[in-house]
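K.L.:
First the structure, which I've put down as structure tokens, then a few questions once you've had a look.
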Amino acid sequence: MKSYDVIVIGLGAMGSSAAYHCAKRGVSVLGLDANHPHHTLGSSHGATRAIRETYFESPEYVPLCQRSYELWRQLEVDCGKSLLSTQGAVYVAPENHPLLKGVRLAADLHGLSIDCLSSDEMASRFSGFALPEDWAGIYEANGGVLQAEKCLQAQIDLANAHGAEIRYDCAVKSWRKNDAENVVVATTAGEFEANSAILTLGPWACNALQELKLPISGRRIPIIHFEPIDPARYDPATMSVYFWATPEGVYAGFPDFRDEGVKIMRHDVGDTCTPETARRNVSEADIREISNFTDKYMPYANRRVRKSLIGLYTMTPDNHFIIDHHPGFRSVAYATGFSGHGFKFAPVVGEILADMVLDGSTRHPTAFLKASRFSKSALRPA
Ligand SMILES: Cc1cc2nc3c(=O)[nH]c(=O)nc-3n(C[C@H](O)[C@H](O)[C@H](O)COP(=O)(O)OP(=O)(O)OC[C@H]3O[C@@H](n4cnc5c(N)ncnc54)[C@H](O)[C@@H]3O)c2cc1C
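Numbered by my numbering, the letters in the sequence shown go through residues 148 to 529 in order.
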């Protein structure tokens, strides 16, 4: 049986990063994925992902996000490609909405610069938006866009360049500890052994990690790309990525990138599903849901639907990630429950997972992401 220092199971954003960070440290790495490169069944597909630093979800993410910015820039140098552009990010909501309070809190605690904008100021700065009168916006200059497919490819290419062996279409069926305390992984292509393993299974974790009783569930997210009525109003040169908290729901989107159109999704709800049960076709109702948002708040964004697809979130009850050691296997680390906002953190998550399996612990502040927070009393519905 072939033996490695680390086996990484699942090569989406998180696993490809973990494979890269482990291989970069000079250890032998096997990366396995059940599907083919750039498949569209999980969470990491699609051309773009937003990155933003004034983290309203919790200021505890800010240091992790800042490390990710450094690592994305380093990845660009290492792969020789542009992956991250910072056109800013804008948050929009009724005045005093928790979203805006969360942004201001993260900015205050970490000394980050933001522009607080009235609805009039928003209208003159972002002509593609229509804000009701008593609404407000916050702009952060450091927000921006990651070229997600290129990021994934860069992580895999560099893992390879550092000696990692990468196998796609190779599904892991089970793993166990042997007498030598090593991890033995049984796959559709035979068994492999390693000192340690990293499990980055995206929404497949809901079934595959059942024995850990994690309160995670898959969420189906339709993503609609519109051809705008007035492209100039959504030009990436003047428009940022945006996050809207409206009475109808929470929506996130992108400027009008060439070939992509104006891409918008609803963030706060979606059918509960697994990768096996998710409805993969985008329905008229899915399109109507997002069109109702554009009609009201982005009235020049929707001439027609250019393309649409389905992605899956892996939700936790508090919308925070889970990064931990497997309780039964200290040499196994896992990361899941990214709740629809993990991509930007992929580099630092890879670094953390490499620390956990190669050094036993990480210097990064991740205590708030441990699974133990879901003691019985802490559980709330997702
Ligand atoms: C529509 C959408 C928009 C998003 N927008 C943003 C955004 O703007 N900004 C942001 O920061 N985040 C965003 N996110 C969240 C982010 O994309 C995810 O948090 C991230 O991609 C999760 O990556 P992952 O590696 O955990 O999961 P995945 O990408 O799903 O990867 C898991 C991998 O594990 C493999 N696998 C599963 N089971 C096995 C097995 N038994 N054997 C071998 N391989 C296996 C799968 O084939 C898959 O490739 C978005 C997510 C979605 C769906």
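Just so it is clear, CB atoms sit at the ideal spot from N, CA and C, and this is done for glycine as well.
Which same chain residues, not among the five before or five after L540, have their C-beta less than 7 Å away from its C-beta?
P.N.:
There is no way to answer for residue 540, as the model of the chain reaches only from 148 to 529.
K.L.:
If you reduce the DSSP assignment to three classes, tell me which class K410 lands in.
P.N.:
If DSSP states are grouped into helix, strand and coil, K410 belongs with the strands.
K.L.:
Measure the beta-carbon distance from V209 to A253 and round it to whole angstroms, keeping in mind my assumption that it falls under 8 Å.
P.N.:
Between A253 and V209 the Cβ distance is about 6 Å, and since that is below 8 Å, they are a contact.
K.L.:
Distance, Cα to Cα, A308 vs C226?
P.N.:
Roughly 10 Å separates the two Cα atoms.
K.L.:
Please classify E242 as buried or exposed, where buried requires at least 16 neighbouring CB atoms within 10 angstroms.
P.N.:
Answer is exposed; the Cβ neighbour count stays below 16.
K.L.:
Are the beta-carbon atoms of G396 and G189 separated by less than 7 Å?
P.N.:
Cβ atoms of G396 and G189: not closer than 7 Å.
K.L.:
If the criterion is Cβ atoms closer than 7 Å, does the pair N449 and T461 meet it?
P.N.:
Cβ distance not < 7 Å, so N449 and T461 don't count as in contact.
K.L.:
Go ahead and pull the three-state DSSP assignment for G458.
P.N.:
Reduced to three states, the DSSP call for G458 is strand.
K.L.:
Within 6 Å: the Cβ of L230 and any heavy atom of ligand 1?
P.N.:
No; taking the cut-off as 6 Å, the Cβ of L230 has no heavy atom of ligand 1 nearer than that.
K.L.:
So, at 7 Å on beta carbons, what are the nonlocal neighbours of K297 in its own chain, with the 5 sequence-adjacent residues on each side left out?
P.N.:
Cβ within range, chain order: K228 and L230.
K.L.:
Tell me the rounded alpha-carbon separation between S478 and L459.
P.N.:
Going by the C-alpha atoms only, they are around 28 Å apart.
K.L.:
Find the nearest neighbour of L299 within the set S271, P494, S522 and F521, judged by alpha-carbon distance.
P.N.:
Residue P494 is the option with its Cα nearest to L299.
K.L.:
Beta-carbon within less than 6 Å of D262's beta-carbon, same chain only, minus the 5 sequence neighbours each way: which residues are those?
P.N.:
Result list for D262: Y286, in chain order.
K.L.:
Taking all protein chains shown into account, decide if A379 is buried (16 or more other Cβ within 10 angstroms of its Cβ) or exposed.
P.N.:
That one is exposed.
K.L.:
Tell me the rounded alpha-carbon separation between E217 and V224.
P.N.:
Straight-line Cα distance between these residues: approximately 11 Å.
K.L.:
Roughly how many whole angstroms lie between the Cα atoms of L526 and P362?
P.N.:
Low confidence applies to L526: its pLDDT is 47, below 50, so where it sits in the model is not reliable, and the reading given next is rough at best. Approximately 8 Å between the Cα atoms of the pair.
K.L.:
Give me the Cα-Cα distance between A529 and D415, rounded to the nearest whole angstrom.
P.N.:
The pLDDT assigned to A529 is 41, lower than 50, so where the model puts this residue is not dependable; a value taken from the coordinates is nonetheless given after this. Distance between the alpha carbons of A529 and D415 is about 10 Å.
K.L.:
State the start and end residues of the unbroken beta strand (DSSP E) segment that holds T441.
P.N.:
It is not in any beta strand (DSSP E) - T441 instead sits in the alpha helix (DSSP H) that spans E431 to Y444.
K.L.:
Under 7 Å between the Cβ atoms of S191 and Q302?
P.N.:
Against a cut-off of 7 Å, the Cβ pair of Q302 and S191 comes out as no contact.
K.L.:
If you measure from the CB of F468, is any heavy atom of ligand 1 nearer than 6 Å?
P.N.:
Because no heavy atom of ligand 1 lies under 6 Å away, the Cβ of F468 does not count as near it: no.
K.L.:
DSSP puts F151 in a beta bridge; with which residues?
P.N.:
Looking at the sequence shown, residue 151 is not Phe but Tyr. For Y151, which the question treats as bridged, DSSP gives the partners A341.
K.L.:
For the stretch 177-189 and the stretch 464-474, state whether three or more C-beta atom pairs, one from each stretch, are separated by less than 8 Å.
P.N.:
Because the criterion of three Cβ pairs below 8 Å is not met, the stretch 177-189 and the stretch 464-474 do not touch.
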